[in-house]
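>
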Amino acid sequence: RAGAFDQLKQNATKARIPFYGSYTEMDPVIIAQDGVEKFKDEKFEIIIVDTSGRHKQEESLFEEMLQVSNAIDPDNIIFVMDATIGQACESQARAFKEKVDVASVIVTKLDGHAKGGGALSAVAATKSPIIFIGTGEHIDDFEPFKTRPFISKLLGMGDIEGLIDKVNELKLE
Numbered sequence: 001r002a003g004a005f006d007q008l009k010q011n012a013t014k015a016r017i018p019f020y021g022s023y024t025e026m027d028p029v030i031i032a033q034d035g036v037e038k039f040k041d042e043k044f045e046i047i048i049v050d051t052s053g054r055h056k057q058e059e060s061l062f063e064e065m066l067q068v069s070n071a072i073d074p075d076n077i078i079f080v081m082d083a084t085i086g087q088a089c090e091s092q093a094r095a096f097k098e099k100v101d102v103a104s105v106i107v108t109k110l111d112g113h114a115k116g117g118g119a120l121s122a123v124a125a126t127k128s129p130i131i132f133i134g135t136g137e138h139i140d141d142f143e144p145f146k147t148r149p150f151i152s153k154l155l156g157m158g159d160i161e162g163l164i165d166k167v168n169e170l171k172l173e
């Protein structure tokens with residue numbers, strides 16, 4: 001989407017994480033290959049390649065994702081799921097799994113009205129665990145997935161564990 005490159009660059013800079021991208025090269029496969037090669041040469045242990053969002057009906061974008069995957073041979077492909085799409089998550093996750101070997105799931109946009117029930121469908125469709133959830137637009141809103149609080153919120157029982165964590169973070173005396 002328009003502005004995604006600049007947003008990624010800005011977020012990486014804020015977090016003091018090295019970033020690779022190109023304003024001139026338009027082929028995502030070449031950009032991914034060049035970036036992975038650069039960071040491998042610099043001995044980075046973790047390299048994240050972010051691709052543009054895709055919908056299961058956009059066959060050409062799924063083909064492009066497969067080409068990127070084949071070119072860089074990743075250790076872990078993460079399906080990033082928007083919690084607001086609800087039960088459509090299952091068919092979207094299945095479409096991803098049919099193209100590339102999804103190994104884990106991240107659920108985003110859990111800060112709004114979405115409870116994330118579709119996340120369970122995505123886990124079933126990909127046979128992959130949820131590793132992180134996003135509860136906002138900032139890096140600090142990205143947290144490791146915890147099963148018990150997630151299921152508790154899903155069932156409308158609130159997240160007592162999360163509330164206790166937040167209070168402890170405040171270090172009140």
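Its first residue numbered 1, the sequence shown is counted upward by one per residue in full-length UniProt numbering. We put the beta carbon where it would ideally sit given N, CA and C, even for glycine. Here the structure is a predicted model, which means the values were calculated and not measured.
1. Pull up the distance between the alpha-carbon of P75 and that of V107, whole angstroms please.
2. Measure the C-alpha to C-alpha separation of K171 and S22 and round it to an integer number of angstroms.
3. Exposed or buried, which one is A119 when buried takes at least 16 other CB atoms within 10 Å?
4. For M26, which of helix, strand or coil comes out of DSSP?
5. What are the boundary residues of the alpha helix (DSSP H) that includes T108?
6. Quick one: what's got a C-beta closer than 8 angstroms to D141's C-beta in the same chain, skipping five residues either side?
7. Is P144 closer than 7 angstroms to G162 when the C-beta atoms are compared?
8. Tell whether a beta-carbon distance below 7 angstroms holds between I78 and S60.
This is what the structure holds:
1. Here the question's residue 75 lines up with position 75 in the sequence shown. Here the question's residue 107 lines up with position 107 in the sequence shown. Per the sequence shown, residue 75 should be read as Asp rather than Pro. Taking the straight line from one Cα to the other gives about 20 angstroms.
2. Sequence index remark: in the sequence shown, residue 171 carries index 171 (1-based). Sequence index remark: in the sequence shown, residue 22 carries index 22 (1-based). The straight-line gap from Cα to Cα measures roughly 43 angstroms.
3. The sequence position of residue 119 within the sequence shown is 119, counting from 1. Buried, since its Cβ has 16 or more Cβ neighbours within 10 Å.
4. Start at 1 with the first residue of the sequence shown, and residue 26 comes out as number 26. If DSSP states are grouped into helix, strand and coil, M26 belongs with coil.
5. Counting from one through the sequence shown, the residue named residue 108 turns up at place 108. Segment V102 to T108 is the beta strand (DSSP E) holding T108; no alpha helix (DSSP H) there.
6. Here residue 141 corresponds to residue number 141 of the sequence shown, with the count starting at 1. Within the same chain, D141 has close Cβ partners D111, G134 and T135.
7. Here residue 162 refers to the residue found at position 162 of the sequence shown. Here residue 144 refers to the residue found at position 144 of the sequence shown. Not closer than 7 angstroms, so no.
8. Walking along the sequence shown from the start, residue 78 turns up at place 78. Walking along the sequence shown from the start, residue 60 turns up at place 60. Their beta carbons are not under 7 angstroms apart, which means I78 does not touch S60 by this criterion.
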